[in-house]
Amino acid sequence: MQSFDPREDPLVSLQWHLSNLGTTRASVAGYDINVDDAWNDYSGKGLLIGIIDSGVDETHPDLIANYRHDLAWNLPTNEPGGAPHDDDPYADHGTAVAGLIAAAANGIGVVGVAYASQFVMYRRDFPKPNEGGQFSLAAQRMLADGVDITNNSWGAGDPFYYRADQAGVHAASRELATLGRDGLGIITVFAVGNSRVEGNDANYNPVSNSPWVIGVAASDQAGGVAGYSTPGANVLVSAPGSDPRSIITTDLQGEPGYNPNPSPEGDYTAGHDD
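Letter by letter, the sequence shown follows residues 172 to 445 of the working numbering.
Below you can see the structure in the form of structure tokens.
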């Protein structure tokens with residue numbers, strides 16, 4: 172198999188979160204994840220990432236090499252499959268998240284931060300019916316599949332704060348932390364939310380304030396807090412977010428998705444100003 176330098180994929184220069192050169196609006200050079208040094212020693216090889224999200228474009232040329240289609244699971248129907256549903260208003264979200272994590276270093280498009288890792292999609296419903304049941308099922312699948320890290324770029328809606336299945340989510344998170352990776356624990360990261368403007372506090376989120384997960388906030392291109400990122404004492408780390416400019420990543424192929432242009436341009440988000 173041909174080996175590619177992740178720094179040479181054609182759209183990497185636009186991925187400011189990997190290397191911020193200060194060339195995009197409101198950005199300050201150097202505010203990025205400093206991935207170049209990490210790539211000297213780490214590529215994600217040997218890791219399996221479990222993504223709980225709205226599904227993934229299973230034939231995307233920048234994702235297919237790292238995608239474990241054989242493990243993909245549709246949580247609402249409890250059957251194989253990780254493709255998004257056309258009637259899901261957030262159908263494009265999972266493909267964008269997958270690209271940030273595991274887009275391949277293959278000489279095309281973008282590159283993920285863990286470009287040599289493998290990933291599996293556990294498709295969940297948006298909005299959020301049966302929130303706890305779907306997460307608990309995903310946890311059992313991940314334990315069986317040998318997942319190392321799970322990414323959750325979603326949060327609980329207000330009604331979930333008071334639902335009886337909150338205890339189930341807490342229990343599932345604890346099992347991931349105590350039983351995964353032969354007792355080392357599956358690393359579980361959760362977004363703390365996008366409700367800063369509404370005055371929300373991540374301490375009240377029963378998912379991201381769990382002692383078994385890592386709560387992640389969003390930073391902007393100048394090194395500050397993204398204008399939408401929910402605050403809270405449970406926030407442990409931050410990662411680049413779409414403020415004021417969206418991050419370039421994989422999109423549903425062609426006209427569907429965030430970028431309405433046809434392929435190949437439409438296979439990636441446009442990086443528009445928000």
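Backbone N, C-alpha and C fix where the C-beta goes; we use that ideal spot for every residue, glycine too.
Item: In this structure, how does DSSP classify V387 when only helix, strand and coil are distinguished?; Value: strand
Item: Rounded to whole angstroms, what's the CA-CA distance from D319 to A348? Just pull it up for me.; Value: 10 angstroms
Item: Output yes or no for whether 9 angstroms exceeds the beta carbon distance between A309 and I223.; Value: yes
Item: Buried or exposed for R196, going by 16 or more other Cβ atoms inside 10 Å?; Value: exposed
Item: Exposed or buried, what is S324 when buried is set at 16 or more other beta-carbons lying within 10 Å of its beta-carbon?; Value: buried
Item: Is the beta carbon of N365 sitting closer than 9 angstroms to the one on T421?; Value: no
Item: Using a Cβ-Cβ cut-off of 7 angstroms (strictly less than) and excluding sequence neighbours within five positions of A404, which residues of its own chain qualify?; Value: N374
Item: May I ask which residues mark the beginning and end of the alpha helix (DSSP H) holding D224?; Value: That residue, D224, is in no alpha helix (DSSP H); its beta strand (DSSP E) goes L219 to D224.
Item: Buried or exposed, going by whether 16 or more other CB atoms sit within 10 Å of the CB of P411?; Value: buried
Item: With 16 as the cutoff for other CB atoms within 10 Å, does S413 come out buried or exposed?; Value: buried
Item: Measuring only the C-alpha atoms, how far is P330 from F175?; Value: Low confidence applies to P330: its pLDDT is 45, below 50, so where it sits in the model is not reliable, and the reading given next is rough at best. Distance between the alpha carbons of P330 and F175: 47 angstroms.
Item: Between I419, S390, Q337 and P431, which has its C-alpha nearest R367's C-alpha?; Value: S390
Item: If you reduce the DSSP assignment to three classes, tell me which class I358 lands in.; Value: strand
Item: In the structure shown, what three-state DSSP assignment does P427 receive?; Value: coil
Item: To the nearest angstrom, how far is the alpha carbon of N205 from that of D212?; Value: 13 angstroms
Item: To which residues of the same chain is G217 closer than 6 angstroms at the C-beta, ignoring the five residues directly before and after it?; Value: none
Item: Comparing the CB of H188 with every heavy atom of the ligand ZN, is any distance shorter than 8 angstroms?; Value: Absence of the ligand ZN from the depicted structure is noted, as is the absence of any ligand whatsoever, leaving it without description.
Item: For the beta strand (DSSP E) containing Q289, name the first residue and the last one.; Value: Q289 to R294
Item: What is the DSSP secondary structure of Y333, counted as helix, strand or coil?; Value: For Y333, the predicted structure reports a pLDDT of 48, less than 50, and the residue's modelled location is therefore unreliable. A value from the coordinates is still provided. In this structure, Y333 counts as helix in the three-state DSSP scheme.
Item: Just to confirm, is the Cβ distance from P255 to R312 under 9 angstroms?; Value: no
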